[in-house]
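In this note's numbering, the protein residues as written are 53 to 211.
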């Protein structure tokens, strides 16, 4: 089983996200998972331009030449995708959000009806089946995670 961990914390391994994530990763490795960790902070990833070239002109390939090319290949090749982020303004960090916005080349441009909702089907080479969220918050109430959880639930429907 291949797991790709994307740590969206700007503090990388030094903060609470990295601390909790390290134990999660250790458990995956103990279960014999092949784990690859990348950090969204510091990657050269431009914002999605919304040009849809990745759907219409160069199917499955973004026209931007940056670190996202390698990240897309790693996502497509993983069985499990782990997203790690502290709660920032009721959501994920900006670097993680920008990375996820750029993942649309993994989807086809057409729609299909799935679970009574229009969804984009995955491209044939994208094999990720499970999505895991690891998150921390400086706030004490559990409902501070609710907007982030709902966002990730929405993302998971396109896996």
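By construction, the Cβ of each residue, glycine as well, lies at the ideal position given by its N, Cα and C atoms.
Close beta carbons around residue i, own chain, < 6 Å, minus the five adjacent residues each side
i	result
residue 185	135, 204
residue 177	128
Local conformation of residue i per DSSP, three classes
i	result
residue 122	helix
residue 210	coil
residue 95	coil
residue 90	strand
Residue i - partner residues in DSSP beta bridges
i	result
residue 170	165
residue 138	188
residue 179	Note: residue 179 sits in no beta bridge, so no partner.
residue 133	56, 183
residue 158	For residue 158, which the question treats as bridged, DSSP gives no partner whatsoever.
residue 102	Beta-bridge pairing links residue 102 to no other residue.
residue 67	DSSP lists no partner for residue 67.
Limits of the alpha helix (DSSP H) - the one that residue i falls within
i	result
residue 259	Lying outside 53 to 211, the shown extent of the chain, residue 259 is not represented and no answer is given.
residue 146	146-153
Sequence-distant residues of the same chain with beta carbon closer than 7 Å to residue i, five excluded per side
i	result
residue 207	152, 183
Item to check | Touching by the beta-carbon criterion (3+ pairs, under 8 Å), the segment 69-77 and the segment 109-125 | outcome: As far as the Cβ criterion goes, the segment 69-77 does not touch the segment 109-125, which means the pair count is below three.
Next on the checklist: Check whether the segment 169-176 and the segment 135-145 touch, using three or more Cβ-Cβ pairs below 8 Å as the test.
Outcome noted: no
Checklist entry - For the 8 Å Cβ check, are there 3 or more pairs between the segment 92-109 and the segment 149-160? => result Short answer: they touch.
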